[in-house]
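Colleague: Pasting a structure here, questions to come.
Protein chains: 2
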Amino acid sequence: MISMKELAQHCGVSVATVSKALNDQSDIGESTKIRVKQAAEKLGYFPNAAARSLKTNRSYNIGVLFVDEANSGLTHEYFAAVLEGFKVEAEKQGYDITFINGQIGKKKVSYYEHCKYRNVDGVVIACVKFDNPEVVELLNGDIPVVTIDHINENCSSVLSDNVKGIESLMEYVYEKGHRKIAYIHGQASTTVTKARLTSFYRFLESRELSVPDDYVLEADYLDVSQAMACTSELLDRKDPPTCILYPDDTALIGGLNEIRRRNLRVPDDISIAGYDGSRLSQILNPRLTTIRQATSAIGMQAAKKLISTIDKPKTTFTEQIIVEGELITGESVGNANIS
Amino acid sequence: MISMKELAQHCGVSVATVSKALNDQSDIGESTKIRVKQAAEKLGYFPNAAARSLKTNRSYNIGVLFVDEANSGLTHEYFAAVLEGFKVEAEKQGYDITFINGQIGKKKVSYYEHCKYRNVDGVVIACVKFDNPEVVELLNGDIPVVTIDHINENCSSVLSDNVKGIESLMEYVYEKGHRKIAYIHGQASTTVTKARLTSFYRFLESRELSVPDDYVLEADYLDVSQAMACTSELLDRKDPPTCILYPDDTALIGGLNEIRRRNLRVPDDISIAGYDGSRLSQILNPRLTTIRQATSAIGMQAAKKLISTIDKPKTTFTEQIIVEGELITGESVGNANIS
DNA sequence: ACATTTTTCGAAAACGATTAAGAAAGATAT
DNA sequence: ATATCTTTCTTAATCGTTTTCGAAAAATGT
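Residue numbers (our numbering), protein chains in the order written: chain A, 1 to 339; chain B, 340 to 678.
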């Protein structure tokens with residue numbers, strides 16, 4: 001509210017001196033520095049973000065690009081949790097968060113232009129179609145970027161450890177005696193699904209196992225009815241699986257409903273496992289066996305990496321950061337009666 | 340990227356003229372206006388937000404204050420959905436969204452100071468403890484504010500119609516023949532709970548009904564185990580209710596688990612109803628009877644109201660906007676065998 | 001044709017900060 | 001004592017806009 005000029009007058013020095021004092025610059029006397037700082041404290045001075053941003057080209061503002069194709073946006077449980085983790089860490093480091101979109105006033109612009117318009121210091125991208133030309137423009141632009149759950153050459157990314165996730169899930173299921181394991185996976189086009197699927201097959205390979213081709217089905221993430229249909233298909237087989245893995249905890253509900261419709265019990269008649277470790281998974285009965293993704297850790301790592309590349313571009317590596325999840329052994333996977 | 344100065348040079352006019360042309364000011368010739376506009380289009384000019392904000396004290400930026408006490412933040416399903424609705428409408432009107440927090444750089448400041456620092460044009464407040472001194476400071480400050488699900492004298496607010504919500508839920512349950520209706524409600528201290536509870540009692544009154552005092556219990560919103568305990572208490576009575584209303588769909592799961600633990604069936608043995616109309620409620624089996632709160636409408640109304648008070652403070656009323664929800668008749672409330 | 005009004009444009013100040021360059025004062029060296 | 005170097009501060013330019021005010025040009029009136 002009080003400007004630097006007023007603060008300077010109050011202290012009987014020039015604005016330049018005030019600026020230097022507040023920013024701990026070198027060419028300033030120790031005594032005046034503390035005098036100015038105390039006055040600033042007393043008068044409740046704080047800088048004007050716009051003026052500073054205009055002059056320094058640093059906004060201490062980070063753009064968030066979250067454009068779910070299903071328009072679920074912030075209601076996407078997983079990404080909302082990641083964003084929350086990101087937000088907490090960024091704010092701790094003095095950065096604010098602004099959503100990036102495709103408009104300036106009433107005019108349509110690209111995401112990149114919007115970033116330039118707001119002069120964000122960096123951008124975190126998640127939950128978008130990465131082949132969108134506007135996203136590509138942003139990835140190849142001159143603004144520091146970190147992506148989440150997607151690998152890109154030009155920038156760092158933070159990834160949930162889907163390989164280890166599926167591996168430990170399979171390990172657990174295998175130890176419970178299951179051999180006839182079906183996997184309903186999400187959209188095959190995504191980085192996430194590719195990792196999980198490869199891990200699935202690699203595990204089978206390592207145990208010299210194999211499953212029928214049509215034990216492996218595709219159903220969109222979070223889509224209950226598709227998961228239900230796939231489950232039905234699996235249960236209709238003459239050799240149905242003893243355990244089914246789902247794309248995520250929500251989609252799993254579709255399977256669970258179908259299972260219950262057939263008067264089968266979980267886990268006595270059939271075992272199921274989800275992915276995500278959502279809130280839902282732990283309040284259901286039976287509690288789900290699932291992989292809890294470390295959402296806040298993912299968000300935090302992304303923020304740390306992004307801010308690091310902003311603050312110290314010369315000494316920050318471009319890298320992929322893998323964040324491990326955690327197996328939650330609920331009650332939805334039982335012992336397989338090995339017959 | 341290209342500045343006004345360059346654009347002016349390119350057009351052979353002064354920056355003042357460019358500014359006037361782009362902002363559709365009066366003292367500018369029609370022909371030069373379109374010439375400038377076309378050049379701006381061609382060269383991909385867009386304004387610098389910081390410079391504009393500095394000069395005009397308008398940032399076209401709206402602050403969002405979302406400080407859940409449980410630190411669930413963005414993972415709060417209801418408020419995340421409201422925020423998403425808010426975001427969509429605000430962006431449509433050319434405003435961006437920034438989160439408000441308690442820091443500038445590494446220094447702790449109040450929410451109000453943070454708003455001033457970022458020069459936001461307005462603030463939407465939701466999901467906070469409204470008796471927090473910092474929130475009060477913001478409410479009484481000179482920045483336009485809209486609150487969500489909380490009434491305050493100084494500003495407009497948008498409220499979910501909890502009165503009508505409970506009323507239509509009760510109406511439905513009553514028509515199904517239920518008379519022994521228990522209500523597990525959320526924290527009694529909140530505006531939301533007060534409205535619902537009053538509506539509950541008023542409905543009973545209107546039908547000249549009454550229920551035992553301890554049919555009405557308190558359990559925190561979203562708290563599964565508390566809801567479970569309350570449910571257990573209710574079912575242990577010698578005259579248990581035939582229908583139980585829960586604080587929300589999530590808490591209801593606690594009740595559902597307890598009910599199933601006792602080998603009771605929903606809705607045959609007991610009826611239950613939730614609140615929120617969450618995603619969860621419609622994928623469960625049986626589908627829940629619940630009140631869907633019109634989250635995106637609430638967010639949209641809040642954005643419209645806030646932007647209106649920003650743009651036209653003189654002609655915008657301070658008012659409470661009530662947004663109706665919608666009864667979702669699932670399958671969790673059955674006919675009561677009136678004995 | 002001259003005065004007056006209206007329209008259209010530009011010069012310059014301002015918003016609140018940062019920063020390069022220079023000036024004044026004090027300290028050190030010769 | 002003079003020259004040189006440091007330290008500490010100020011002046012002034014700058015970032016990219018908007019906006020006031022005055023000037024020039026065009027339109028209007030008489």
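For each residue, glycine too, the CB sits at the ideal point set by N, CA and C.
(1) Please report how far the alpha carbon of ILE97/A lies from the alpha carbon of LEU393/B, in whole angstroms.
(2) How would you list, in chain order, the residues of chain A whose beta-carbon sits under 8 angstroms from the beta-carbon of ARG599/B?
(3) Residues of the region 92 to 119 of chain A with a CB closer than 7 angstroms to any CB of chain B: list them in chain order, please.
(4) Do GLU331/A and ASP161/A have their CB atoms nearer than 8 angstroms?
(5) According to the neighbour-count rule (16 or more other Cβ atoms, all chains shown, within 10 Å of its Cβ), is PHE539/B buried or exposed?
(6) Alpha carbon to alpha carbon, what distance is there between LYS92/A and GLY480/B?
(7) Confirm, please, whether the CB-CB distance from ALA590/B to ALA558/B is below 8 angstroms.
(8) Does any CB atom of chain A fall closer than 8 angstroms to the CB of PHE469/B?
(9) For GLU46/A, list the residues DSSP reports as bridge partners.
(10) Going along chain A in order, which residues have a C-beta closer than 9 angstroms to the C-beta of ASN596/B?
(11) Between the C-alpha atoms of ASP149/A and GLU84/A, what's the straight-line distance to the nearest angstrom?
(12) Can you tell me whether LYS644/B is buried or exposed, with buried defined as 16 or more other CB within 10 angstroms of its CB?
(13) My guess is that ARG179/A and ASP121/A are in contact by the Cβ rule of under 8 angstroms, so how many angstroms apart are they, rounded?
(14) Check the Cβ-Cβ distances between LEU54/A and every residue of chain B, and say whether any is below 8 angstroms.
(15) Mind checking whether ASP276/A and TYR78/A have CB atoms under 8 angstroms apart?
(16) Based on the DSSP secondary-structure assignment, which residues constitute the bridge partners of THR628/B?
(17) If the cut is a Cβ gap below 9 angstroms, which residues of chain B does MET4/A touch?
(18) Is it the case that the region 207 to 215 of chain A contacts the region 178 to 197 of chain A, given that we only count it when at least three CB pairs across the two stretches are under 8 angstroms?
(19) Going along chain B, which residues have a C-beta under 7 angstroms from LEU401/A?
(20) Do you know offhand how far SER495/B's Cα is from LEU327/A's?
(21) How many whole angstroms separate the CB atoms of LYS515/B and VAL672/B, which I take to be in contact at a CB cut-off of 8 angstroms?
(22) Closer than 8 angstroms by beta-carbon distance: list the chain A residues that pair up with ALA419/B, in chain order.
(23) For CYS11/A, report the span of its alpha helix (DSSP H) as first-last.
(24) GLY122/A touches chain B at which residues, Cβ-Cβ below 7 angstroms?
(25) Can you give me the C-alpha to C-alpha distance between ILE310/A and VAL128/A, rounded to a whole angstrom?
(26) Beta-carbon of ILE482/B versus every beta-carbon of chain A: anything under 8 angstroms?
(27) Pick out whichever of VAL448/B, LYS376/B and VAL484/B has its Cα sitting closest to the Cα of GLY402/B.
(28) Grab me the residues of ASP562/B's own chain with a C-beta within less than 7 angstroms of its C-beta, minus the 5 sequence neighbours each way, in chain order.
(29) Is the Cβ of LEU280/A closer than 8 angstroms to any Cβ of chain B?
(30) Once you ignore the five residues that flank ALA195/A on each side, which residues in its own chain have a CB closer than 6 angstroms to its CB?
(31) Going by DSSP, what residue range makes up the beta strand (DSSP E) through TYR522/B?
(32) State the beta-bridge partners of LYS107/A as determined by DSSP.
(33) Out of ASN23/A, TYR172/A, ASP24/A and GLY94/A, which one is the CA nearest neighbour of THR329/A?
(34) What ranges does the beta strand (DSSP E) occupy inside the region 123 to 158 of chain A, keeping only unbroken runs of at least 3 residues that lie completely in it?
(35) With a 10 Å radius around its C-beta and 16 neighbouring C-beta atoms as the bar for buried, classify ILE646/B as buried or exposed.
Modeller: The answer reads as follows:
(1) Position 97 of the first sequence, counted from the first residue, corresponds to residue 97/A. Position 54 of the second sequence, counted from the first residue, corresponds to residue 393/B. Between the alpha carbons of ILE97/A and LEU393/B lies a distance of about 19 angstroms.
(2) Reading the second sequence from its first residue, position 260 is the one you call residue 599/B. Those are ASN285, listed as they occur along chain A.
(3) Result list: GLY94, ASP96, ILE97, THR98, PHE99, ASN101, GLN103, ILE104, GLY105, LYS106, VAL109, GLU113, LYS116, TYR117, ARG118 and ASN119.
(4) Here residue 331/A is taken as the residue at index 331 of the first sequence, counted from 1. Here residue 161/A is taken as the residue at index 161 of the first sequence, counted from 1. Not in contact: GLU331/A and ASP161/A (Cβ atoms no closer than 8 angstroms).
(5) As a working mapping, residue 539/B is identified with position 200 in the second sequence. Buried is the call here.
(6) Against the second sequence, residue 480/B aligns to sequence position 141. Against the first sequence, residue 92/A aligns to sequence position 92. One Cα belongs to GLY480/B, the other to LYS92/A, and the distance between them is close to 25 angstroms.
(7) By 1-based counting over the second sequence, the position of residue 558/B is 219. By 1-based counting over the second sequence, the position of residue 590/B is 251. For ALA558/B and ALA590/B, yes; Cβs fall inside 8 angstroms.
(8) Here the question's residue 469/B lines up with position 130 in the second sequence. No, because no Cβ of chain A sits closer than 8 angstroms to the Cβ of PHE469/B.
(9) Here residue 46/A refers to the residue found at position 46 of the first sequence. The sequence shown places Phe at residue 46/A, rather than the Glu named in the question. Its beta-bridge partners do not exist; DSSP assigns none.
(10) Against the second sequence, residue 596/B aligns to sequence position 257. Residues of chain A passing the Cβ test: ILE283, LEU284 and ASN285.
(11) Looking up residue 149/A in the first sequence gives position 149. Looking up residue 84/A in the first sequence gives position 84. If you take the alpha carbons of ASP149/A and GLU84/A, they lie about 16 angstroms apart.
(12) Sequence index remark: in the second sequence, residue 644/B carries index 305 (1-based). Residue burial is scored here from C-beta neighbours: LYS644/B has at least 16 other C-beta atoms within 10 angstroms and is therefore classed as buried.
(13) Position 179 of the first sequence, counted from the start, is the residue given in the question as residue 179/A. Position 121 of the first sequence, counted from the start, is the residue given in the question as residue 121/A. With a Cβ gap of about 52 angstroms, ARG179/A and ASP121/A do not count as contacting.
(14) For the purposes of this step, residue 54/A is taken as residue 54 along the first sequence, with counting starting at 1. It does; some Cβ of chain B falls within 8 angstroms.
(15) Position 276 of the first sequence, counted from the first residue, corresponds to residue 276/A. Position 78 of the first sequence, counted from the first residue, corresponds to residue 78/A. For ASP276/A and TYR78/A, yes; Cβs fall inside 8 angstroms.
(16) Your numbering for residue 628/B matches position 289 in the second sequence. Residue pairing from DSSP places THR628/B in a beta bridge opposite ALA612/B.
(17) Here residue 4/A refers to the residue found at position 4 of the first sequence. Correct list: empty, because the minimum Cβ distance to chain B is about 13 angstroms.
(18) Because the criterion of three Cβ pairs below 8 angstroms is met, the region 178 to 197 of chain A and the region 207 to 215 of chain A touch.
(19) Residue numbering for chain A in the displayed model covers 1 to 339; residue 401/A lies beyond these limits and cannot be assessed.
(20) For the purposes of this step, residue 495/B is taken as residue 156 along the second sequence, with counting starting at 1. For the purposes of this step, residue 327/A is taken as residue 327 along the first sequence, with counting starting at 1. Approximately 46 angstroms between the Cα atoms of the pair.
(21) As a first step, residue 515/B is located in the second sequence; it is residue number 176 there, counting from the start. As a first step, residue 672/B is located in the second sequence; it is residue number 333 there, counting from the start. About 6 angstroms separates the two Cβ atoms, so the contact holds.
(22) Counting from one through the second sequence, the residue named residue 419/B turns up at place 80. Within chain A, LEU74, THR75 and ALA80 have C-beta atoms less than 8 angstroms from the C-beta of ALA419/B, given in sequence order.
(23) Position 11 of the first sequence, counting from 1, holds the residue named residue 11/A. Segment 4 to 11, the alpha helix (DSSP H) holding CYS11/A.
(24) For the purposes of this step, residue 122/A is taken as the residue at position 122 of the first sequence. The contacting residues do not exist; GLY122/A stays about 15 angstroms from chain B at best.
(25) Working through the first sequence from its first residue, we reach residue 310/A at position 310. Working through the first sequence from its first residue, we reach residue 128/A at position 128. The C-alpha of ILE310/A lies about 22 angstroms from the C-alpha of VAL128/A.
(26) Translated into the one-based positions of the second sequence, residue 482/B becomes position 143. No, its Cβ sits nowhere closer than 8 angstroms to a Cβ of chain A.
(27) Residue numbering aside, residue 402/B sits at position 63 when the second sequence is read from its first letter. Closest option to GLY402/B, Cα to Cα, is VAL484/B.
(28) Residue mapping note: residue 562/B aligns to position 223 of the second sequence, counting from 1. ALA590.
(29) In the first sequence, counting from the first residue as 1, residue 280/A sits at position 280. For LEU280/A, a Cβ of chain B is located within less than 8 angstroms of the residue's own Cβ.
(30) The sequence position of residue 195/A within the first sequence is 195, counting from 1. The beta carbon of ALA195/A sits closer than 6 angstroms to the beta carbons of ASN162 and VAL163 from its chain, once the five residues preceding and following it are set aside; these are given in chain order.
(31) Here the question's residue 522/B lines up with position 183 in the second sequence. TYR522/B -> beta strand (DSSP E) spans 520 to 524.
(32) Reading the first sequence from its first residue, position 107 is the one you call residue 107/A. Answer is ILE104/A, bridged to LYS107/A.
(33) Reading the first sequence from its first residue, position 329 is the one you call residue 329/A. Nearest C-alpha to THR329/A among ASN23/A, TYR172/A, ASP24/A and GLY94/A: TYR172/A.
(34) Within the region 123 to 158 of chain A, the complete beta strand (DSSP E) segments at least 3 residues long are 145 to 148, listed from N- to C-terminus.
(35) Position 307 of the second sequence holds residue 646/B. Residue burial annotation: ILE646/B is buried, with at least 16 other C-beta atoms found within 10 angstroms of its C-beta.
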